[in-house]
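Heads up, the thing below is written out as structure tokens.
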Amino acid sequence: MRVTIKRAMLFIALTFCSGPAVAADAYRGMTLLVAPGAEKLERVVRPDVAVAKIRTALDLIYRKSPLNARLIDRLKQIGTVVIIYDPQHAESTLTENRLARFQTESGIDEIDRRTPLTFVAVLGKQVMYRDPNELAGTIVHEIVGHGTQHRIGRLSKMTVEDRECEARLFQLASWQDLGVPQRSTFVIQFRRSLEHLYCLPFRQWMAKRRHAQATGFDEIKIQPLELATAFRDYIDTVLGKPLPTSPDR
Numbered sequence: 000m001r002v003t004i005k006r007a008m009l010f011i012a013l014t015f016c017s018g019p020a021v022a023a024d025a026y027r028g029m030t031l032l033v034a035p036g037a038e039k040l041e042r043v044v045r046p047d048v049a050v051a052k053i054r055t056a057l058d059l060i061y062r063k064s065p066l067n068a069r070l071i072d073r074l075k076q077i078g079t080v081v082i083i084y085d086p087q088h089a090e091s092t093l094t095e096n097r098l099a100r101f102q103t104e105s106g107i108d109e110i111d112r113r114t115p116l117t118f119v120a121v122l123g124k125q126v127m128y129r130d131p132n133e134l135a136g137t138i139v140h141e142i143v144g145h146g147t148q149h150r151i152g153r154l155s156k157m158t159v160e161d162r163e164c165e166a167r168l169f170q171l172a173s174w175q176d177l178g179v180p181q182r183s184t185f186v187i188q189f190r191r192s193l194e195h196l197y198c199l200p201f202r203q204w205m206a207k208r209r210h211a212q213a214t215g216f217d218e219i220k221i222q223p224l225e226l227a228t229a230f231r232d233y234i235d236t237v238l239g240k241p242l243p244t245s246p247d248r
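When we follow numbering that gives the first Met the number 0, the leftmost residue of the sequence shown carries the number 0, and every step to the right adds one.
Dropping the structure here:
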């Protein structure tokens, strides 16, 4: 999913109709917002239904994916976690970026000034039609994956492929925790792009160094958290020096 960092882009993305996103709910220590005008749009999931779906997805993460829940809590300890439902997100885009994106600001000063860091997931209308487990995985991808990259100061230093590789490993881990069938069509397609596109540089690095996890992607049921640990070694090498991490990482 696309990562947006610059404030000017945020303002454009979060303001259609009038003004910035408005508060809709607070749940599990996170701020849930709905982009203004969403209630006036046709053929989209209603804001109240979308917020309920987000709450359900968060409950799934906290009940069944303990590591990802802890990593979300880690972000909440030092910053503000925000989830925005924006049914006009990536409306004209035909790629998977239309599902969601990560931002480092919400576009609302009152929220962005609350803590040193802000972790924002913007969810488009398409992801709201997905299974609750898939929605939970998307939230993990944006908040845990890209949010943790932002927390430890390497989000802007990573290539698109590396950002996506790491975030998708946590997304896949959440799906395994939630019992999503690993042979389902969408998981097979997800793994294909994970292994042969986004994680390709990482795989090549492991193969060249005969890393202990070099064959980790060859398993029918891969161990994404073990690969995520190996990824940390890889990205430290790519960036030239280790960066601070959390006890869970």
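Every residue, glycine too, gets a C-beta built ideally from N, C-alpha and C.
**Request:** Can you say whether Gly-136 is buried or exposed, counting buried as having 16 or more other CB atoms within 10 angstroms of its CB?
**Result:** buried
**Message:** Using only the alpha-carbon positions, how far apart do Leu-193 and Thr-55 sit?
**Reply:** 26 Å
**Asked** What are the partner residues of Ala-99, as DSSP defines its beta bridges?
**Response** Leu-122
**Message:** According to DSSP, is Leu-32 part of a helix, a strand, or is it coil?
**Reply:** DSSP, reduced to helix, strand and coil, places Leu-32 within a strand of the structure shown.
**Message:** Can you tell me where the beta strand (DSSP E) holding Thr-79 begins and where it ends?
**Reply:** 78-84 is the span of the beta strand (DSSP E), which, as asked, contains Thr-79.
**Asked** Residues in its own chain within less than 8 Å of Lys-63 by CB, not counting five upstream and five downstream?
**Response** Asp-176, Leu-177, Gly-178
**Request:** State the start and end residues of the unbroken alpha helix (DSSP H) segment that holds Gly-146.
**Result:** 146-150
**Prompt:** Considering only residues of the same chain and omitting the five flanking positions on each side of Pro-200, which have a CB-CB separation below 6 Å?
**Reply:** Glu-160
**Asked** Going by C-alpha distance, which of Glu-38, Val-80, Arg-73, Ile-142 is nearest Tyr-26?
**Response** The option with the nearest alpha carbon to Tyr-26 is Val-80.
**Item:** CB of Ile-77 within 8 Å of CB of Leu-116, strictly
**Value:** yes
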